[in-house]
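Notes to accompany the following structure.
Take a look at the structure:
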């Protein structure tokens, strides 16, 4: 059995610049942090969850999930960060313990903030607020990049580096890199412009120059369209924002105007009846509104009529189908009335001497 004096001598014995008492105290404090994390997970977390179930808000559930995830590792890191305070340690070990603590805290802090942002974005989706998936993805990506850049700068600063001087020194290199990736940056800024102005969204049918199709994906550098024949068209965002875009999704109805020509020997009675026949044909179609049909002009080889009507749908396939029905009905009516469509002809008269 150790006497009190012997125990005191043992506790004051020095190993590697620290007494046994200091080592035991340090171990006890680190274990206290670890046990505290476990007790929170096993006891306090469950009680907090019961309280959270009584509320309609999802934010408290999210915060409890984040605490459950971060409590043990953060408390353990805090215990390790106490080592340089409780013990006399080599400088490298003290810096390493502090570095581990900063990295763990920054990692869980940024991860938690990103999850909170994602939660609000998801909440806006389910609450019916207008925020398309592309915008949600962009906000998630941009916020994640910004937060991690800030986190890395904090870690670098904790290591003793002068961030201000480093950023100033990177200025010239940054200009060189910016010139090298000018096109990439142009596409990225164009991507942000598309998200803010919203000239189109995923699922819209658009025409850009000679390309047309449904928007399937809006990326950082390019946008992908699915053409009518199923091909994938990839257009850079910079080209999109500098081009004229026709967006057909937002229109409530489509206007169709076309001309037909009949031969010059068509009887005048039938010419007067043609507008009424066309009106009856168009008005008989569902979701089609007749506007006008008029004898417009004397053509080089035909008597021309102009017909205008509207289709109460923005769907391109519906537009084509209705147009086909109307054209076939007009053709059928003209054949029944023995009216000939005109086509370019020339009549040559040869004078005799």
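In my numbering, the protein residues as written are -7 to 345.
C-beta: ideal position from N, C-alpha, C; glycine also.
- In this structure, DSSP gives residue 101 a helical state, which the three-state scheme calls helix.
- With fewer than 16 other CB atoms across the displayed protein chains lying within 10 angstroms of its CB, residue 234 is exposed.
- Under DSSP, residue 205 forms a beta bridge with 198.
- In the three-state reduction of the DSSP assignment, residue 331 falls in the coil class.
- When the five nearest sequence neighbours on each side are left out, the beta carbons in the same chain lying within less than 7 Å of the beta carbon of residue 96 are those of 65, 66, 69, in order along the chain.
- Within the same chain, and ignoring the five residues on either side of residue 19 in sequence, no residue has its Cβ closer than 6 Å to its Cβ.
- One alpha carbon belongs to residue 0, the other to residue 61, and they sit about 42 Å apart.
- The beta carbon of residue 28 sits closer than 7 Å to those of 67, all from its chain and outside the five residues before and after it, given in chain order.
- Using a Cβ-Cβ distance cut-off of 8 Å, the region 240 to 257 and the region 321 to 337 are in contact, since at least three pairs of beta carbons, one from each stretch, lie closer than that value.
- Judged by DSSP in its simplified three-state form, residue 145 adopts helix.
- For the pair residue 238 and residue 191, the CB atoms are not nearer than the 8 Å cut-off.
- Of the residues assessed, residue 138 falls on the exposed side of the cut-off, its CB having fewer than 16 other CB atoms within 10 angstroms.
- The continuous alpha helix (DSSP H) containing residue 262 extends over residues 260 to 275.
- Residue 232 is a Cβ neighbour of residue 200, given a cutoff of 8 Å.
- Excluding five sequence positions before and after residue 288, the CB atoms of its chain that fall closer than 8 Å to its own CB belong to 251, 296, 297, 298, given in chain order.
- Cβ atoms of residue 56 and residue 40 come within 8 Å of each other, at about 5 Å.
- Per DSSP, residue 24 is one residue of the alpha helix (DSSP H) stretching across 12 to 31.
- For the pair residue 266 and residue 314, the Cα-to-Cα distance works out to about 20 Å.
- Per DSSP, residue 230 is one residue of the alpha helix (DSSP H) stretching across 229 to 233.
- In the structure shown, residue 108 adopts helical secondary structure according to DSSP, grouped into three states.
- Residue 54 sits away from residue 134, with the two beta carbons spaced by 8 Å or more.
- Where residue 77 is concerned, the enclosing alpha helix (DSSP H) starts and stops at 75 to 78.
- In the three-state reduction of the DSSP assignment, residue 89 falls in the helix class.
- Between the region 312 to 326 and the region 272 to 282, the count of Cβ pairs shorter than 8 Å is three or higher; the stretches touch.
- Among the bridge pairs identified by DSSP, residue 9 is matched with none.
- Inter-segment contact for the region 140 to 152 and the region 198 to 216 is absent: fewer than three beta-carbon pairs are separated by less than 8 Å.
- Shortest Cα-Cα distance from residue 6 to any of 285, 79, 89 involves 79.
- Using a Cβ distance threshold of 8 Å, residue 302 and residue 245 count as a contacting pair.
- In the displayed model, residue 185 falls within a helix according to three-state DSSP.
- Straight-line measurement puts the Cα of residue 130 at about 44 Å from the Cα of residue 282.
- Here the alpha carbon of residue 94 sits roughly 52 Å from the alpha carbon of residue 204.
- Inclusion of residue 300 and residue 249 in the CB contact set at 8 Å is warranted, their separation being smaller than that value.
- In the DSSP assignment, residue 253 is bridged to 296.
- Spatial neighbours of residue 178 in its own chain (CB-CB distance under 7 Å, excluding positions within 5 residues in sequence) are listed in chain order as 230.
- Between the alpha carbons of residue 207 and residue 215 lies a distance of about 7 Å.
- The residue among 185, 304, 24 with its C-alpha nearest the C-alpha of residue 228 is 185.
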